[in-house]
Amino acid sequence: MIFLSHKAFTFTCKVFILFTLCFCLQFSGYGQSCQCDQPETCAPCEGGLTSLTLRYLGWGIGLRYSVTDDSGNVGNGFLINNTFTVNSRNNQPFRGGEITVSVIVLIGNQIIATETINTSCEDPVYQGDRIGSFMVLAGRSLRGGSICCAQSTEDNLPPQITDCPADINIQVGNNCTRSVDWDEPYATDECGVASFTSSYQPGDEFPLGTTRVTYTARDNAGNESICAFNVTVSDNSKPVFTTCNKSKIKVDTDGACNASVSWTPPMARDNCGMASLTSNFSPGDIFPIGKTTVTYTATDNSGNTATCSFDVQVKVRESEAISGCLNDIRVSAGAACGRQVTWQVPQAACSLSLTSNYEPGEIFPIGTTEVVYTAFDEDENIATCSFTITVIDETAPVFSNCPDDIYIERNEGCEVTASWQIPDLTDNCDEDIMVEASHDPGDVFPLGVTEVTYSAEDNSGLTATCKFKVVVSEVPVLNTNNCPKNITVSANNECEKSVSWEAPVLVNTCTDFTLTSNYQPGDVFAIGTTEVTYTAKDDVGNLSTCSFNVIVENAIKPSISKCPATIKVKANSEGVAKVEWEVPQAIISCGSAELTSSHEPGDIFEIGTTEVVYTLNNDFDETVSCSFQVIVVEEEFKLEVQKIVTPNNDNYNDEWIIEGISRFKSVNVRIIDRWGSEVFKATASNNGQVIWDGTYRGDIVPSGTYYYLIKLDSESSTFEQKGFLELIK
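Sequential numbering of the sequence shown, starting at 1, is according to the UniProt record's numbering.
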């Protein structure tokens with residue numbers, strides 16, 4: 001609030017601030033003095049300050065303040081209008097005779113200003129004192145009341161500049177300058193602004209680059225404040241090519257492996273001036289075979305670039321591209337269905353790339369194959385040469401397993417047929433070859449000699465034959481009928497069984513025979529499978545056999561008794577359990593048996609359900625099994641959490657400790673302060689413990705209530721606990 005008088009060159013300025021501030025300035029001409037005209041509310045500092053009102057002299061958005069004395073944090077909050085008041089604890093002087101004041105950016109918690117301010121009455125502060133980035137506006141001591149301004153103190157409060165513009169970034173116009181507008185700031189002062197000037201005005205033309213715009217406010221006492229910002233005019237416009245050859249330039253060589261190529265260079269312009277126009281090739285340069293890209297680069301004075309590119313294609317004349325092309329090649333296939341063929345590879349001129357559909361040393365099939373060589377540069381074919389390779393099949397088909405002559409003996413009145421294994425036909429190349437035969441297996445043959453012929457011809461006209469004789473004589477043939485089927489019986493108490501059957505009947509109309517057997521009806525058979533074989537033999541030694549199996553089964557199957565029921569136990573602190581049980585008993589009637597198991601009594605089991613299987617197998621490959629489950633469950637987990645921590649090195653509650661969590665594979669412990677900031681985090685335990693010493697980034701945190709969250713994960717479950725703890729320094 002400002003009051004003006006009618007006296008020449010004199011006016012009175014009174015400022016009223018919080019805490020019944022006595023701020024009394026009497027101005028007379030250009031001299032000034034400080035008189036406290038309210039002595040009943042103003043007194044000298046006694047006993048140390050209990051509150052202090054400060055103004056932050058810097059500038060910024062999204063700020064907070066934090067104030068500490070020897071007792072810890074005594075004040076914090078958002079910085080509004082750059083002014084804030086901090087009070088001591090319990091209306092007692094600030095601990096240690098001083099306070100530390102910090103200004104912090106909310107995003108990122110970066111400290112941008114910090115000062116230590118004396119609060120002891122031995123060296124008192126006064127209204128208007130500037131201490132670094134801060135000014136004292138008001139204060140109160142324990143017994144002295146409000147503090148006053150210092151005697152003979154001049155007005156040192158600078159004007160306040162509000163709404164200082166941020167830096168301005170803008171693009172250049174067509175004339176390499178740009179008119180720039182902004183909202184002008186304004187200045188205020190408790191006792192009047194003498195002048196407010198600027199180095200530039202809104203709407204001024206600014207050149208390319210960065211220009212500093214400065215606003216200066218001066219009050220009647222000569223105090224100044226400055227607001228400054230940058231106007232940056234940028235040129236992001238690339239140069240423009242006015243001419244650029246976009247077509248490919250094509251030339252042929254003339255006996256050499258390169259060519260000289262010329263063209264008209266392109267031209268470029270820029271709104272703020274060209275710095276350079278360069279290229280990787282120039283007209284008249286020598287170019288190699290293939291495609292080469294010519295690039296012109298235009299650069300303006302701001303470093304913006306533009307390019308113009310076109311291709312130069314140099315190729316070899318087609319008549320000169322390939323030399324040494326081969327004549328046609330003819331070879332024999334040999335025993336295989338193909339032939340490896342080699343030849344001298346043709347040569348490509350001027351290091352052109354040379355490819356072919358076949359390479360020397362490849363296997364070529366029967367018939368004629370065309371080999372083509374192609375010479376080319378980077379992007380187009382230049383020339384080709386070709387020749388043929390003919391592989392001739394000179395290997396005839398072959399019959400394998402051609403039967404030997406067949407001799408059949410028969411009596412008068414006996415009908416005779418002959419059978420044999422059809423011979424196999426193979427060919428080096430052809431698979432599906434038609435085979436012709438004069439007879440088939442099972443045909444009826446007359447008395448005497450008959451020739452059987454197999455013949456085949458492959459696709460190359462090569463042939464093969466297989467011949468053998470069927471000779472029918474007068475000796476009779478022996479036949480068998482009525483051979484018994486397999487017999488299955490159960491064993492008696494002696495683990496064996498007497499078995500009977502009807503002997504087979506042999507029918508022979510052509511000759512005499514004898515019949516023998518390795519077992520007879522009524523013989524005793526042991527448990528298992530026994531083959532019984534009958535053999536018939538005629539007078540000339542021809543044999544005929546008949547076989548069947550006698551199967552004696554075990555009447556009493558093996559079994560397992562006293563199979564345990566489901567076993568359920570609790571895991572120890574390591575998450576496992578040792579489990580005991582009584583082994584089941586094997587019961588058998590014949591022979592011997594082996595009892596095996598997947599686990600043994602006394603084995604260690606992990607948390608979860610495990611199936612234990614016992615298996616019994618006897619001498620007769622008979623198998624039975626029994627099973628039961630072992631269920632290991634987690635023991636109920638309880639976690640005792642410390643409620644108080646006093647990090648004062650008295651060996652009592654100096655640390656916050658969580659113990660007994662070694663069996664958890666994942667540990668996550670967090671501690672959060674009252675403002676939601678995380679001051680401690682642990683993601684693993686140390687020998688089953690998590691310890692917090694009450695510090696954050698090396699410093700002990702302020703006394704107060706903190707919130708903890710604990711999450712523990714084992715193999716089969718998750719444990720969570722949350723709550724509050726008190727930290728007392």
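No residue lacks a Cβ here, since even glycine has one placed at the ideal position from N, Cα and C.
Can you tell me whether DSSP reads residue i as helix, strand or coil?
i	result
A565	coil
G97	helix
E494	coil
N82	coil
R663	coil
N76	strand
R130	strand
C350	helix
S319	helix
N118	strand
R674	coil
N549	strand
N357	coil
R339	strand
S714	coil
Do you know whose CA, among the options, lies nearest residue i's CA?
i	options	result
S323	F281, R269, V345, D673	V345
G273	W263, G290, K238	K238
E205	S179, T369, Y215	S179
V679	I700, V125, E394	I700
V294	Y652, N118, C308, G303	C308
Y696	S714, S717, L727	L727
A526	E553, R95, T426, V505	E553
T388	P504, T369, D405	T369
P564	S627, P365, D621, S225	S627
D432	K467, T450, S490, D458	D458
Less than 8 Å between the CB atoms is what I'm expecting for residue i and residue j, so what's the real figure, rounded?
i	j	result
Q629	T609	6 Å
T114	V101	7 Å
V624	S559	6 Å
G361	T342	5 Å
I99	T119	6 Å
L486	N549	Rather than Leu, the amino acid found at residue 486 in this sequence is Asn. Confirmed, about 4 Å.
Using the C-alpha atoms, what's the distance from residue j back to residue i?
i	j	result
P521	E502	7 Å
T264	T374	35 Å
N271	N280	25 Å
G698	D123	32 Å
T516	Y407	26 Å
G209	D300	14 Å
L639	D693	19 Å
V331	E359	16 Å
V586	N686	Inspection of the sequence shows that residue 586 is occupied by Ala rather than by Val. So the two alpha carbons sit approximately 51 Å from each other.
D650	I672	25 Å
V86	G97	14 Å
D311	T292	6 Å
L709	V645	16 Å
Q421	P403	7 Å
A577	V583	18 Å
S714	V633	12 Å
F287	A349	16 Å
P39	G58	Reliability of the predicted coordinates at P39 is poor, the pLDDT of 45 falling under 50, and the value obtained from them is presented with this limitation in mind. Approximately 33 Å, taken between the alpha carbons.
With burial defined as no fewer than 16 other Cβ atoms inside 10 Å of the residue's Cβ, what is the status of residue i: buried or exposed?
i	result
N428	buried
K315	buried
residue 740	No answer is possible for residue 740: the residues shown for the chain start at 1 and end at 729.
M135	buried
Y652	exposed
R140	buried
S51	buried
N90	exposed
P397	buried
N618	buried
A536	buried
S302	buried
F724	exposed
R130	exposed
K497	buried
C34	Since pLDDT at C34 reaches only 34, below the 50 mark, its modelled position is unreliable, and no value is offered.
W675	exposed
A464	buried
V261	buried
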